[in-house]
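Engineer: Using my numbering, you'd call the opening residue of the sequence shown number 1 and step up by one each time.
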Amino acid sequence: MLKGHSFRGQDLSSANFSNADIRGAIFFDSTLLDANFTGIKTGLQPGRQFCLKMGLILLAALLSYVAAYAGTFMGLGFGASEIEESLVGRIVASLFGLGLSAFFVLIVIRRGIGAALPSFAIPAFAITVVITLTIFAAFPGVHGTVALMIFFAVSSAIEVAVMVAGAIAVAIARLLADKKVWLAMIVLAPLAAIPAIAEATLTVEFENVWRIWLAVGSAIPTVLILIGLSLYIGTQAVAGNPKYALVYKFALAVSSFGGTSFRNANLTNADFTQASLKQADFRGANLTRTRWADVKHLTHARTDDTYLEHAKIRQLVVTGSGQDQTFDHLDLRGLNLQGANLADTNLIGAKLSEANLRGANLDRAKLVQTQLYGSDLSGASLTGAYIQDWSISTDTNFDGVQCDYVYMQLPTKTDPDPCRKPDDRSEIFQPGDFTDFIAPIIKTLNLYQTQNVDLRMVAQQFKTLDLFHHEGIDPAAAAIALKQIAETYPEADLEVVALEGRGEDKVRVQAKVKGSVDRSALSADYFAAYKEMSAMPYAELQSLLAGIAEKDERIRSLEKMVTTAIESNKFYVETYYSLGDTVSEKSSININSGGGNVSGVVGGNIENVSGAVNLGAISGDVTNTIGQLPEAMDANEPSLKALLTKLQAAIEATPELDPEDKAEALEQVKTLAEAGQDPEDGRLKKSAKTAIKVLKGTAASLPDVTTFVQECTKLLPAIGALLVLL
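1. Does residue 354 come out as helix, strand or coil in the three-state DSSP assignment?
2. Leaving aside the five residues before and after residue 235 along the sequence, list all residues of the same chain whose C-beta is less than 7 Å from its C-beta, in chain order.
3. Indicate the three-state DSSP secondary structure (helix, strand or coil) for residue 376 in the structure shown.
4. Just the Cα atoms here: how many angstroms apart are residue 412 and residue 292?
5. If you draw a straight line from the alpha carbon of residue 517 to that of residue 35, how long is it in whole angstroms?
6. Residue 17: buried (16+ other C-beta within 10 angstroms of its C-beta) or exposed?
7. Near residue 619, which residues of its chain fall below 8 Å by C-beta distance, leaving aside the five closest residues on each side in sequence?
8. For the beta strand (DSSP E) holding residue 468, just list the boundary residues, first then last.
9. Could you tell me the distance, in whole angstroms, from the CA atom of residue 32 to the CA atom of residue 297?
10. Considering Cα atoms alone, identify which of 428, 438, 273 is closest to residue 39.
11. Report the option in 473, 290, 285, 283 whose CA atom is closest to the CA atom of residue 275.
12. Distance, Cα to Cα, residue 680 vs residue 674?
13. What residue range is occupied by the uninterrupted alpha helix (DSSP H) comprising residue 677?
14. Which partner residues of residue 407 appear in the DSSP bridge assignment?
15. Find the nearest neighbour of residue 270 within the set 286, 281, 255, judged by alpha-carbon distance.
16. How about residue 430 and residue 470: are their beta carbons less than 7 Å apart?
17. Could you tell me the distance, in whole angstroms, from the CA atom of residue 264 to the CA atom of residue 10?
18. Buried or exposed for residue 49, going by 16 or more other Cβ atoms inside 10 Å?
19. Under three-state DSSP, which class holds residue 261?
20. What is the DSSP secondary structure of residue 637, reduced to helix, strand or coil?
21. In terms of residue numbering, what span does the beta strand (DSSP E) encompassing residue 507 cover?
22. Does the Cβ-Cβ distance between residue 317 and residue 335 come in under 7 Å?
23. Quick check on residue 685: does DSSP put it in helix, strand or coil?
24. Please name the residue in 367, 698, 315, 159 whose C-alpha comes closest to that of residue 658.
25. Could you give the distance in angstroms between the alpha-carbon of residue 366 and the alpha-carbon of residue 468?
26. So the alpha helix (DSSP H) residue 533 belongs to, where does it begin and stop?
27. Assuming residue 409 and residue 391 are in contact, meaning their beta carbons sit under 8 Å apart, how far apart are those beta carbons, in whole angstroms?
28. Where does residue 280 land, buried or exposed, given buried means 16+ other C-beta within 10 angstroms?
29. Would you call residue 591 buried or exposed, if buried means 16 or more other Cβ atoms sit within 10 Å of its Cβ?
30. Rounded to whole angstroms, what is the Cα-Cα separation between residue 422 and residue 433?
31. Within the same chain, show all residues whose beta-carbon is closer than 7 Å to that of residue 706, passing over the 5 residues directly before and after it, in chain order.
32. Take residue 492 and list the residues in its own chain whose beta-carbon comes closer than 7 Å to its own, dropping the five residues that flank it on each side.
33. Which value, in whole angstroms, describes the spacing of the CA atoms of residue 625 and residue 670?
34. Secondary structure at residue 495, three-state DSSP: helix, strand or coil?
35. Whole-angstrom Cβ separation of residue 254 and residue 172, contact assumed at under 8 Å?
36. Hey, out of 354, 537, 47, 364, whose CA is closest to residue 322's CA?
Here is the structure:
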């Protein structure tokens, strides 16, 4: 038996309470990670619940009795023979009392009880004092009328108190969700008014029967109106009307007292699917990724200081349906939305970090500036989603995401093209393409963030063209096709910035483009040219390639770059290759494998360093190049020579780097040293920028705790600043 049992402060991680009756149980301050509460029943213990129900029935009868008395005495007061003033004075006094009651009811209906109490009490008191003093001063002989006004004001105050208490009683009965109690209150309340009216009218002499009719005629409407208002306010409070939130909170506190308590408990990843949660207390609990699918009576539980106190969020986690709804800028951190339907949902600026979105439908969702740090989107559908400036991290899970295409921006008047990926609108992502598309971004996020680089600004400065090859790639055909579209679209200033290989069957070429060039047309033209080139006989293709290479030797370098990528089965390859440069201004091609083979380029010729390397010779060469740099002018300022020496030492002291990666990294340090010897040389400065990119890519492939990563984080920004690269 778990009813009323105390588990206070205990570690019950992964405990199974499925379908248990835990009414009155206490889990205060307990650790309940991954606990199973599916189908449980919470609430008050039977004895406490019986007492509360009987108390509600008696309270309803008492309130009706008091309301009847107040209404009866208002009628008797109007016909009181002791008041000698004219009928006009009595009418004025009665209208004053009725006006006070009507004024309060009007405020309650329009603004709610929370506003009515202060809005009514102060003006009513002020009005009573002002009118009373005015009458006393102007008409000293009408003391009876003044006394009647005060009597009516007191009666009105009693009626107001009865209405508020009645609304709370109705709300409590609604929260208990017991039809028998509800029926008993409705039936007993009017009946309780009968003895009150009878008792009050017995004091009236029989010959003044007209006063009895006045009393009864005043009492019955008063009782019926107060019952009606109490029913309306109490029902609206439980239904979530914010005007009556004060009534709801008070009723909830009373009805939940002694119920099942999860207060301050850690319920991370706990499962409450199909649970009945009447009179449960979740105040201050950790509800990260807690599952609420199809739970009942969650509105009857205390959820202060949690995301469940917001009705819109509460409905979302219970029903799993948020399609076409707006959750812009809401705090949705830690929600369990596994399998939820969020298609066409606005989540602009929403905080969804640490959320469980496994298998969720986010098709066409607006994820603009949405925070998804550490969120799990494995198996989610993102087709047509807008992901402009969304915030993801290295632990955001995109495994198995289903996505045909995404938009990198929201369309605007100045830019109606929302940057669709894939760029060719006739194409869609193949299975696994989106994960591959987003993986390089995730892999380098941590390093860029630690260097205070605003990736949103980077995205605004240029756009990318992504070219996916799913059934193998012909390096020569790809190189020629890239060259052709660069010549066809000179305004695009096409620049290959990344190459991702998955062996021969899957390669992605990413290029940077400028201006408002139509990336869909550019992608279509590339694949049309590629298809034409790849269909040519091998001899003719090589002849064409040789002819182009005579005019632009970089075409051979580009071909070899693609060949190296598919042979090395690279995860992420970063490069810098401007197709718009002249031959004399050509840049080096640098490919970083992030853990695979590495190829270095000197003067446009690729040198394969994937075999055995002589690190001692390379290190000595780097040391000699660094040694030619001048010392710092100011002894208190770090010199480029000192910074590069530290970086070289970090590379050599990092065992996680294999010899090939160390060789490549040392070559980049040498490039930086050469640029430092002649900072005004534009070609060397461009090579230095590329070297920093390669070093960043290498660091991104290693754990954050490695010596090389930590030193890169500190040294690369300073080196770039000294070379005026940032």
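Where a beta carbon is used, it is the ideal one built from N, C-alpha and C, also for glycine.
Note that the structure is a prediction, hence the values are computed from the model and not measured.
Structural biologist: Here's the rundown:
1. Here residue 354 corresponds to residue number 354 of the sequence shown, with the count starting at 1. Looking at residue 354 - three-state DSSP - the assignment turns out to be coil, as it is neither helix nor strand.
2. Along the sequence shown, one-based indexing puts residue 235 at 235. 170, 174.
3. Counting from 1 along the sequence shown, the entry for residue 376 is found at position 376. Residue state for residue 376 is assigned as strand, using DSSP reduced to three classes.
4. The residue labelled residue 412 in the question sits at position 412 within the sequence shown. The residue labelled residue 292 in the question sits at position 292 within the sequence shown. Distance from the CA atom of residue 412 to the CA atom of residue 292, rounded to whole angstroms, is 38 Å.
5. For the purposes of this step, residue 517 is taken as residue 517 along the sequence shown, with counting starting at 1. For the purposes of this step, residue 35 is taken as residue 35 along the sequence shown, with counting starting at 1. Approximately 54 Å, taken between the alpha carbons.
6. The sequence position of residue 17 within the sequence shown is 17, counting from 1. The residue is buried, with at least 16 neighbouring Cβ atoms inside 10 Å.
7. The count along the sequence shown starts at 1 and reaches residue 619 at position 619. Same-chain partners within the cutoff: 648, 652, 666.
8. Counting from one through the sequence shown, the residue named residue 468 turns up at place 468. First-last of the beta strand (DSSP E) with residue 468: 463-469.
9. For this step, residue 32 is matched to residue 32 along the sequence shown. For this step, residue 297 is matched to residue 297 along the sequence shown. For the pair residue 32 and residue 297, the Cα-to-Cα distance works out to about 21 Å.
10. If you number the sequence shown from 1, residue 39 lands on position 39. Measuring from the Cα of residue 39, the nearest candidate turns out to be 273.
11. To locate residue 275, count along the sequence shown from 1; it is residue 275. Distances from the CA of residue 275 to each of 473, 290, 285, 283 were compared; the closest alpha carbon is that of 290.
12. Along the sequence shown, read from residue 1 onward, the residue named residue 680 stands at position 680. Along the sequence shown, read from residue 1 onward, the residue named residue 674 stands at position 674. Approximately 11 Å, taken between the alpha carbons.
13. Here the question's residue 677 lines up with position 677 in the sequence shown. Unbroken alpha helix (DSSP H) run through residue 677: 659-677.
14. Counting from one through the sequence shown, the residue named residue 407 turns up at place 407. For residue 407, the pairing in a beta bridge is given by DSSP as 386, 420.
15. Taking the first residue of the sequence shown as position 1, residue 270 is located at position 270. Among 286, 281, 255, the Cα nearest to that of residue 270 belongs to 286.
16. The sequence position of residue 430 within the sequence shown is 430, counting from 1. The sequence position of residue 470 within the sequence shown is 470, counting from 1. In contact: residue 430 and residue 470 (Cβ atoms closer than 7 Å).
17. For the purposes of this step, residue 264 is taken as the residue at position 264 of the sequence shown. For the purposes of this step, residue 10 is taken as the residue at position 10 of the sequence shown. Between the alpha carbons of residue 264 and residue 10 lies a gap of roughly 12 Å.
18. Reading the sequence shown from its first residue, position 49 is the one you call residue 49. Counting of Cβ neighbours within 10 angstroms places residue 49 among the buried residues, the total reaching 16 or more.
19. Position 261 of the sequence shown, counting from 1, holds the residue named residue 261. Three-state result, residue 261: strand.
20. Counting from 1 along the sequence shown, the entry for residue 637 is found at position 637. Note: residue 637 maps to coil in three-state DSSP.
21. Taking the first residue of the sequence shown as position 1, residue 507 is located at position 507. Residue 507 -> beta strand (DSSP E) spans 507-513.
22. Working through the sequence shown from its first residue, we reach residue 317 at position 317. Working through the sequence shown from its first residue, we reach residue 335 at position 335. Yes, Cβ-Cβ distance for residue 317 and residue 335 is below 7 Å.
23. To locate residue 685, count along the sequence shown from 1; it is residue 685. Three-state result, residue 685: helix.
24. Looking up residue 658 in the sequence shown gives position 658. Answer by Cα proximity: 698.
25. Numbered from 1 along the sequence shown, position 366 holds the residue referred to as residue 366. Numbered from 1 along the sequence shown, position 468 holds the residue referred to as residue 468. Roughly 25 Å between the two C-alpha positions.
26. Residue numbering aside, residue 533 sits at position 533 when the sequence shown is read from its first letter. Residues 519-534.
27. Within the sequence shown, numbered from 1, the residue matching residue 409 stands at position 409. Within the sequence shown, numbered from 1, the residue matching residue 391 stands at position 391. Not confirmed; about 15 Å, so no contact.
28. As a working note, residue 280 is residue 280 in the sequence shown. By the 10 Å Cβ count, residue 280 comes out buried.
29. Within the sequence shown, residue 591 is the residue found at index 591, counting from 1. At residue 591, the pLDDT of 23 sits below 50, so the modelled position is not reliable; the number obtained from the coordinates is stated separately. In the assembly as shown, residue 591 is a buried residue. Its beta-carbon has 16 or more other beta-carbons within 10 Å.
30. Position 422 of the sequence shown, counted from the start, is the residue given in the question as residue 422. Position 433 of the sequence shown, counted from the start, is the residue given in the question as residue 433. Residue 422 and residue 433: Cα-Cα distance of roughly 10 Å.
31. Residue mapping note: residue 706 aligns to position 706 of the sequence shown, counting from 1. Result list for residue 706: 654, 656, in chain order.
32. To locate residue 492, count along the sequence shown from 1; it is residue 492. The residues are 513, 514, 515, 517, 522.
33. For this step, residue 625 is matched to residue 625 along the sequence shown. For this step, residue 670 is matched to residue 670 along the sequence shown. Each residue's CA atom was taken as its position, placing residue 625 and residue 670 some 6 Å apart.
34. Translated into positions along the sequence shown, residue 495 becomes position 495. Residue state, collapsed to three classes: strand.
35. Against the sequence shown, residue 254 aligns to sequence position 254. Against the sequence shown, residue 172 aligns to sequence position 172. Taking a contact as a CB-CB distance under 8 Å, the pair residue 254 and residue 172 counts as one, their CB atoms being some 6 Å apart.
36. Looking up residue 322 in the sequence shown gives position 322. Comparing Cα-Cα distances from residue 322 to each of 354, 537, 47, 364, the minimum goes to 364.
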